[in-house]
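All letters in the sequence shown, in the order written, are residues 18 to 430 by my numbering. Virtual Cβ for every residue (Gly too), placed ideally from N, Cα, C. The next block holds one structure in the form of structure tokens; read it before the comments.
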Amino acid sequence: MRERESSQAGENEGTGKEGEELGLCPNHPNVKVIPSQTLSNRILYFQEKWFKDHTWLHYSPSVKGVLCFYCAKYFAAQKSKLASKADSAFVKTVRDSMGLVHELGGFFNQSGKFKLIFQNIVKSEHGSTFTSLKPLCPTRWTVRTPAIRSVLKQYESVLMALEEMASCSSPETSAKANGLHGTFLKGNTVRGLLMAEDLMGGFGQLLWQQSWTYNQFRCLMSANLQSVAPVCSPYHPDSQSLYRIQFYNALDTVNAQFIERFEQAGFHKLQQLENVLLHGDMDKVVEEYPELNSRLLQVQLAIFGANYTYETSSDVASIIQEMVPEVRGLFGQVEALVRLLLVPASSAEIERSFSALRRLKTWLRSSMSQTRLNNVAICHVHQKKLDRLDLEGICQSFISANDKLKKAFGSFA
Numbered sequence: 018m019r020e021r022e023s024s025q026a027g028e029n030e031g032t033g034k035e036g037e038e039l040g041l042c043p044n045h046p047n048v049k050v051i052p053s054q055t056l057s058n059r060i061l062y063f064q065e066k067w068f069k070d071h072t073w074l075h076y077s078p079s080v081k082g083v084l085c086f087y088c089a090k091y092f093a094a095q096k097s098k099l100a101s102k103a104d105s106a107f108v109k110t111v112r113d114s115m116g117l118v119h120e121l122g123g124f125f126n127q128s129g130k131f132k133l134i135f136q137n138i139v140k141s142e143h144g145s146t147f148t149s150l151k152p153l154c155p156t157r158w159t160v161r162t163p164a165i166r167s168v169l170k171q172y173e174s175v176l177m178a179l180e181e182m183a184s185c186s187s188p189e190t191s192a193k194a195n196g197l198h199g200t201f202l203k204g205n206t207v208r209g210l211l212m213a214e215d216l217m218g219g220f221g222q223l224l225w226q227q228s229w230t231y232n233q234f235r236c237l238m239s240a241n242l243q244s245v246a247p248v249c250s251p252y253h254p255d256s257q258s259l260y261r262i263q264f265y266n267a268l269d270t271v272n273a274q275f276i277e278r279f280e281q282a283g284f285h286k287l288q289q290l291e292n293v294l295l296h297g298d299m300d301k302v303v304e305e306y307p308e309l310n311s312r313l314l315q316v317q318l319a320i321f322g323a324n325y326t327y328e329t330s331s332d333v334a335s336i337i338q339e340m341v342p343e344v345r346g347l348f349g350q351v352e353a354l355v356r357l358l359l360v361p362a363s364s365a366e367i368e369r370s371f372s373a374l375r376r377l378k379t380w381l382r383s384s385m386s387q388t389r390l391n392n393v394a395i396c397h398v399h400q401k402k403l404d405r406l407d408l409e410g411i412c413q414s415f416i417s418a419n420d421k422l423k424k425a426f427g428s429f430a
């Protein structure tokens, strides 16, 4: 990224050279009608690789080398300030941008009309390529990146669909679409989404590799954590330095969250147990488990390693599964150790497998609001209590609320 002093923008004020510096670019804002000082104070800096990943972003040099960034069709006149007012403001920008993606995904699922408008616009702009807009998962934070990328790659289509939805819908829906359209037009929203993609993009793929050993995972985690480790800067003499500190503030949050999740005593114990299984070196951690006998385990591991080839605990589990019961009985301690290593680290996946919501996730569920889904889920879980309710009494209580309902529904008594 090129770094120039924004104060240089004032040198060409009134000289008529602004157009010559910018060249013939029809989508670029006319800087002749913008005071140079105002222009230099409202530059929005992005990373250069963002413009390679997202074709709808463009940039060209502004007056005297100051970089002026803009979106070709919708961000021509939109400018954002270089940085937020406080160090925590940038994290707030990322959080608010991700919240907008979640709100847009919910609006996409609940409004069939908006979904149809968006699909038609995307197909007319990009052919058959189409990616649904999805809300952010509230529990599995590692899968939020695809939802963010879906919005970024189709940003122009999102804006066009929201603008059309705001002009041809009911008052309530139009107001919501218009509010989303105005918020997505802001440069801070784009910046927050690009930052969120950079911060969270690599970790999702890292955590999905189920075949890795604990040692491999820890090495990769350490390397990734070093890449997001905060860098101290005692002062910020220019706007880019201030922006850089705000970005490091977000990196510090990511770093702290990963350390809290993966630098735990239980994780180290699992790593020690896996080393015992893969290398046969006894460790004191074996004595903490009453299911394991260190002497028998050492003997069985020596025999097992001499007869089979394996590199990961998953390989050992596959070998044991293929054994006949008589042979498996000879490696009882090895099997017990494998079972300990294969115990799920959390119950989230199991809970989703037996969750009532999993059975309710139909087309109807995708088209209803979160409040209605909660009510339906409660009725589904407590079916016996629901069957014992006095439906006529409930109907009568509802009708008796006012005279208008009495006139419309009559009486159930």
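In this structure, the CA atom of arginine 312 is about 22 Å from the CA atom of threonine 329. With a contact defined as Cβ atoms closer than 8 Å, valine 341 and valine 355 miss out at about 17 Å. Taking all protein chains shown into account, lysine 151 has 16 or more neighbouring C-beta atoms within 10 Å of its C-beta and is therefore buried. Separation of the CB atoms of methionine 212 and phenylalanine 264 is rounded to 7 Å, and the pair is thereby assigned contact status at 8 Å. Shown here, methionine 385 sits in coil according to DSSP, grouped into three states, outside any helix or strand.
DSSP, read as helix, strand or coil, puts tyrosine 172 in helix. Taken through DSSP and simplified to helix, strand or coil, glycine 427 comes out as coil. In the assembly as shown, glutamine 281 is an exposed residue. Its beta-carbon has fewer than 16 other beta-carbons within 10 Å.
Collapsing the DSSP output to three states places threonine 148 in coil. Contact annotation: alanine 267 and valine 168 have beta-carbon atoms that are not nearer than 7 Å. The stretch 269 to 284 makes no contact with the stretch 305 to 322: fewer than 3 CB pairs, one atom from each, lie closer than 8 Å.
Straight through space, the alpha carbons of serine 386 and threonine 200 are spaced by roughly 22 Å. Between the alpha carbons of valine 293 and lysine 301 lies a distance of about 10 Å. Of Lys170, Ala164, Tyr327 and Gln136, the smallest CA-CA separation from glycine 116 is found for Ala164.
With fewer than 16 other Cβ atoms inside 10 Å of its own Cβ, lysine 140 counts as exposed. Within the stretch 298 to 368, the complete alpha helix (DSSP H) segments at least 4 residues long are 311 to 324, 330 to 339, 342 to 345 and 349 to 358, listed from N- to C-terminus. Put simply, the backbone Cα of leucine 309 is about 14 Å away from that of glutamine 289. By the Cβ-count criterion, lysine 193 is buried, with 16 or more other Cβ atoms from all chains shown falling within 10 Å of its own Cβ.
Pairing threonine 326 with leucine 403, the inter-Cα distance amounts to about 57 Å. Taking the Cβ atoms as the reference, phenylalanine 124 lies roughly 10 Å from alanine 178, outside the contact range of under 8 Å.
Beta-carbon to beta-carbon, alanine 373 and valine 398 are separated by about 5 Å, close enough to satisfy the 8 Å threshold.
With fewer than 16 other Cβ atoms inside 10 Å of its own Cβ, leucine 347 counts as exposed.
Using a 10 angstroms sphere on the CB of leucine 153, the tally of other CB atoms reaches 16 or more, which defines it as buried.
Pairing valine 344 with leucine 295, the inter-Cα distance amounts to about 20 Å.
Bounds of any alpha helix (DSSP H) do not take in glutamine 281, whose DSSP letter is neither H nor E. Where leucine 403 is concerned, the enclosing alpha helix (DSSP H) starts and stops at 400 to 404.
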